[in-house]
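Notes for the one structure printed next.
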Amino acid sequence: MKSLLRKLAAPILTPLENSSGAYEYQRSHRTVLYIMGVLFLLLASIGLYFSLKIEQFAGLFPVTLFGLIGLICLIVAWVGSDKAVAKIWRNRNETYSK
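All the letters of the sequence shown, read from the start, carry residue numbers 1188 to 1285 under our numbering.
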């Protein structure tokens, strides 16, 4: 199941996993990514409910946006590598020289 989802999510995961440089990964980053994904999907579903209830279809734009963000968070947290999770948090251990 995970291998099939990794193939389907390759356009999302490939840029995150093919970055150069060292990275810092902590297990808590993946946990917080799961929580953020669930919260964004919950926010999208609440927005969808109220948008349909008051028949205000302009509310479907934020619903779509929050839903996509939630799905991306859950996909990266579930099937992404440690490097993909670190990249989405911008936790790279790089030194910049001027």
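Cβ atoms here follow ideal geometry from the backbone N, Cα and C, with glycine treated the same way.
Between the Cα of residue i and the Cα atoms of the options, which residue gives the shortest distance?
i: ASP1269; options: LYS1194, PRO1198, GLY1254, SER1206; result: SER1206
i: LEU1228; options: GLU1242, ARG1217, PRO1249, GLY1267; result: PRO1249
Would you verify that the beta carbon of residue i is, or is not, closer than 8 Å to some beta carbon of chain C?
i: LEU1200; result: Of the chains in the structure shown, none is chain C; there is only one protein chain.
Do the CB positions of residue i and residue j come within less than 8 Å of each other?
i: ILE1275; j: LEU1192; result: no
i: ALA1273; j: GLU1211; result: yes
i: LEU1230; j: PHE1244; result: no
Would you identify the three-state DSSP class for residue i, choosing helix, strand or coil?
i: SER1284; result: Residue confidence is low: SER1284 scores 43 on pLDDT, short of 50, so the model does not pin down where it sits. Its coordinate-derived value is still stated next. In the structure shown, SER1284 sits in coil (DSSP, three-state: anything other than H, G, I, E or B).
i: ALA1209; result: coil
i: ALA1197; result: helix
**Message:** Which complete alpha helix (DSSP H) runs does the stretch 1256 to 1280 hold, if anything under 4 residues is left out?
**Reply:** Taking 4 residues as the shortest admissible run, the stretch 1256 to 1280 contains the following complete alpha helix (DSSP H) segments, listed from N- to C-terminal end: 1269 to 1275.
**Message:** At 4 residues or longer, what runs of the alpha helix (DSSP H) sit wholly inside the stretch 1211 to 1256?
**Reply:** Counting only runs of 4 or more, we get 1214 to 1240.
**Prompt:** Would the stretch 1254 to 1266 and the stretch 1191 to 1203 be scored as touching if the rule is three or more Cβ pairs under 8 Å?
**Reply:** The stretch 1254 to 1266 is in contact with the stretch 1191 to 1203.
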